[in-house]
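Q:
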Amino acid sequence: AQSVAQPEDQVNVAEGNPLTVKCTYSVSGNPYLFWYVQYPNRGLQFLLKYITGDNLVKGSYGFEAEFNKSQTSFHLKKPSALVSDSALYFCAVRDGERGTYKYIFGTGTRLKVLA
Amino acid sequence: NAGVTQTPKFQVLKTGQSMTLQCAQDMNHEYMSWYRQDPGMGLRLIHYSVGAGITDQGEVPNGYNVSRSTTEDFPLRLLSAAPSQTSVYFCASSYSDSPNQPQHFGDGTRLSIL
């Protein structure tokens with residue numbers, strides 16, 4: 123069965139500092155991993171995805187994520203946080219096993235960037 | 158190109174009433190899905206569809222029906238509203254059911270059941 127965990131409900135970081143939002147996953151087949159961001163009263167917006175290949179994936183707004191197969195993790199990172207990065211972040215996983223059609227989302231991590 | 162459009166944006170119902178949440182996409186996407194978002198629980202999949210005429214249950218399907226008569230539309234029906242169905246509902250679509258496809262989300266319907 124697929125599952126994804128975001129162990130932190132909230133992450134606080136000072137503006138200009140690096141940020142990390144954590145995600146771990148479990149799938150039967152090859153993992154397809156996604157990060158989304160949600161601003162107040164809006165739907166989720168796609169940030170980046172890992173399919174295969176390089177373990178460091180670059181996405182929108184200067185975000186990147188590091189895939190670690192041995193630790194089954196896919197942490198979201200940014201070298202220098204902005205106040206405008208404050209939002210709710212969701213990790214999602216899709217099992218690549220044939221016949222599996224469901225995306226599973228984590229519970230979300232609220233990022234607060236302090237000026 | 159409007160993307161994924163959900164209507165209404167807000168709705169208040171009384172217990173026992175029925176209603177349909179509308180979702181339409183203009184991107185010719187094959188895969189569509191409905192989620193509910195509740196505090197501390199993230200997004201939970203209600204129903205999904207991999208193409209017109211094909212639907213299947215997600216994680217929390219009880220109390221909800223869907224149909225997919227066209228590629229564009231994927232309405233969600235609440236059969237007899239209950240207070241436990243108070244939530245924010247999101248519709249999403251992706252180009253295909255291939256696992257490498259990200260989803261495009263609507264802005265949600267905020268539903269309160271009294």
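Chains A and B, in that order, give the protein sequences.
Heads up: take any position in the first sequence, counting from 1, add 122, and you land on my numbering.
Heads up: take any position in the second sequence, counting from 1, add 157, and you land on my numbering.
Virtual Cβ for every residue (Gly too), placed ideally from N, Cα, C.
1. Three or more beta-carbon pairs under 8 Å between the region 195-206 of chain B and the region 214-231 of chain B, yes or no?
2. So for residue 223 of chain A, helix, strand or coil by DSSP?
3. Please classify residue 136 of chain A as buried or exposed, where buried requires at least 16 neighbouring CB atoms within 10 angstroms.
4. Count the C-beta pairs between the region 141-149 of chain A and the region 160-177 of chain B that are closer than 8 Å, then say yes if the count reaches three, no if not.
5. Please report how far the alpha carbon of residue 258 of chain B lies from the alpha carbon of residue 227 of chain A, in whole angstroms.
6. Please tell me whether residue 141 of chain A and residue 196 of chain A are closer than 8 Å, where the distance is taken between their beta carbons.
7. Any residues in the region 170-204 of chain B with a beta carbon nearer than 9 Å to a beta carbon of chain A? Which ones, in chain order?
8. How is residue 184 of chain A classed by DSSP in three states: helix, strand or coil?
9. What three-state label does DSSP hand residue 153 of chain A in the structure shown?
A: Let me spell this out:
1. Result yes; three or more Cβ-Cβ pairs closer than 8 Å.
2. In the first sequence, counting from the first residue as 1, residue 223 of chain A sits at position 101. Residue 223 of chain A falls in the coil class under three-state DSSP.
3. Working through the first sequence from its first residue, we reach residue 136 of chain A at position 14. So residue 136 of chain A ends up on the exposed side.
4. Counting Cβ pairs under 8 Å, fewer than three are found: no touch.
5. Counting from one through the second sequence, the residue named residue 258 of chain B turns up at place 101. Counting from one through the first sequence, the residue named residue 227 of chain A turns up at place 105. CA-to-CA, the gap between residue 258 of chain B and residue 227 of chain A works out to about 15 Å.
6. As a working mapping, residue 141 of chain A is identified with position 19 in the first sequence. As a working mapping, residue 196 of chain A is identified with position 74 in the first sequence. By the CB criterion at 8 Å, residue 141 of chain A and residue 196 of chain A fall outside the cutoff.
7. Those would be 188, 190, 192, 194, 197, 198, 199, 200, 201 and 202, in chain order.
8. As a first step, residue 184 of chain A is located in the first sequence; it is residue number 62 there, counting from the start. Residue 184 of chain A falls in the helix class under three-state DSSP.
9. Looking up residue 153 of chain A in the first sequence gives position 31. Here residue 153 of chain A sits in strand by DSSP.
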